[in-house]
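Asks: Dropping a structure here in structure tokens format, bear with me for questions.
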Amino acid sequence: MIKSIVAYAFTCALLLAGQAVTAQETAVAFSGLKHDSNLPVEITADQLSVDQASGKATFAGNVVIGQGSMRLTAGHVEVIYSSDDSGNIAILDASNGVTLTNGGEAVEANSARYDLNSGEVILAGSVLLTQGSNAISGDKMTIDLETGTGLIDGRVKTILQPGRVK
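Quick note on full-length UniProt numbering: the sequence shown kicks off at 1 and runs consecutively.
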């Protein structure tokens, strides 16, 4: 993963002489965001309200969700449980300043929807992915946690830092 990012960064740096790269859509490898969505989920927040009739729980204020080494923080998270009476979490809807981290990668967005059954995370609104000193921004990002692959679209901008020899 690191070698592919460095090679890509070096090639772009040579071609573009350090300028930003823009596009409508770009596919990216997210090895740091490859993740097992079957691990237990731990949620902490300032407040919790539960509506058993609708099968939803709402966490508000300084919400931190952990699953293995992955962390998601937000101001507000709605937990939607499976409709099969298993009590399993099906979907996490996060809003109010979302940050998703795992390893050396971090993604910031206005909102996120994590489907635990499919292992897919969709982030929307002012998306910013950082991988070390490289950054990619766009309007929407879809991550497949099973494969560690993703897609960013909506006027994508990439800033790549060439490696420095010490």
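The beta-carbon is built from N, C-alpha and C at its ideal position, and this holds for glycine as well.
Using CA atoms only, rank isn't needed, just tell me which of Val127, Gln131 and Gly55 is closest to Ser137.
Replies: Here residue 137 refers to the residue found at position 137 when the sequence shown is read from its first residue. Ranking Val127, Gln131 and Gly55 by Cα distance to Ser137 puts Val127 first.
Asks: Can we say the segment 83–91 touches the segment 134–150, given the rule of at least three CB pairs closer than 8 Å?
Replies: no
Asks: Among Gly103, Gly125, Gly104 and Ala106, which has the Cα closest to the Cα of Ala112?
Replies: Here residue 112 is taken as the residue at index 112 of the sequence shown, counted from 1. Among Gly103, Gly125, Gly104 and Ala106, the Cα nearest to that of Ala112 is on Gly125.
Asks: Would you report the Cα separation of Gly119 and Glu105, rounded to the nearest angstrom?
Replies: Here residue 119 is taken as the residue at index 119 of the sequence shown, counted from 1. Here residue 105 is taken as the residue at index 105 of the sequence shown, counted from 1. Their backbone Cα atoms lie some 17 Å apart in a straight line.
Asks: Rounded to whole angstroms, what's the CA-CA distance from Ala109 to Ala53? Just pull it up for me.
Replies: Here residue 109 refers to the residue found at position 109 when the sequence shown is read from its first residue. Here residue 53 refers to the residue found at position 53 when the sequence shown is read from its first residue. Answer to the nearest angstrom: the Cα atoms are 30 Å apart.
Asks: Could you compute how far the alpha carbon of Glu146 sits from the alpha carbon of Ala94?
Replies: Indexing the sequence shown from 1 puts residue 146 at position 146. Indexing the sequence shown from 1 puts residue 94 at position 94. Going from the Cα of Glu146 to the Cα of Ala94 covers about 20 Å.
Asks: Can you give me the C-alpha to C-alpha distance between Ala60 and Ile80, rounded to a whole angstrom?
Replies: Numbered from its first residue, the sequence shown carries residue 60 at position 60. Numbered from its first residue, the sequence shown carries residue 80 at position 80. Roughly 15 Å separates the two Cα atoms.
Asks: Among residues of its own chain, excluding the 5 on either side of Gly154, which ones have a beta-carbon nearer than 6 Å to its beta-carbon?
Replies: Position 154 of the sequence shown, counted from the start, is the residue given in the question as residue 154. These residues qualify, in order along the chain: Gly138, Asp139 and Lys140.
Asks: Glu146 by DSSP, collapsed to three states: which one?
Replies: Looking up residue 146 in the sequence shown gives position 146. Reduced to three states, the DSSP call for Glu146 is coil.
Asks: Identify the continuous beta strand (DSSP E) that holds Leu39 and give its terminal residues.
Replies: On the sequence shown, position 39 is the one that residue 39 refers to. Where Leu39 is concerned, there is no enclosing beta strand (DSSP E), given that its DSSP letter is neither H nor E.
Asks: Buried or exposed: Thr158, going by 16 or more other Cβ atoms within 10 Å of its Cβ?
Replies: For this step, residue 158 is matched to residue 158 along the sequence shown. Answer is buried; the Cβ neighbour count reaches 16.
Asks: Cβ of Ile122 within 7 Å of Cβ of Thr101?
Replies: Sequence index remark: in the sequence shown, residue 122 carries index 122 (1-based). Sequence index remark: in the sequence shown, residue 101 carries index 101 (1-based). In this structure, Thr101 does not lie closer than 7 Å to Ile122 by Cβ.
Asks: If distances are taken between C-alpha atoms only, which option among Ile91, Pro162, Met70 and Ile152 comes closest to Thr58?
Replies: Position 58 of the sequence shown, counting from 1, holds the residue named residue 58. Distance check between Thr58 and each of Ile91, Pro162, Met70 and Ile152 places Ile91 closest, using alpha-carbon atoms only.
Asks: With distances taken Cα to Cα, identify the nearest neighbour of Gln131 among Pro162, Gly55 and Ile65.
Replies: The residue you call residue 131 lines up with position 131 of the sequence shown. Nearest C-alpha to Gln131: Pro162.
Asks: How should Gly97 be labelled, buried or exposed, when 16 other C-beta atoms within 10 angstroms of its C-beta is the threshold for buried?
Replies: The sequence position of residue 97 within the sequence shown is 97, counting from 1. Label assigned to Gly97: exposed.
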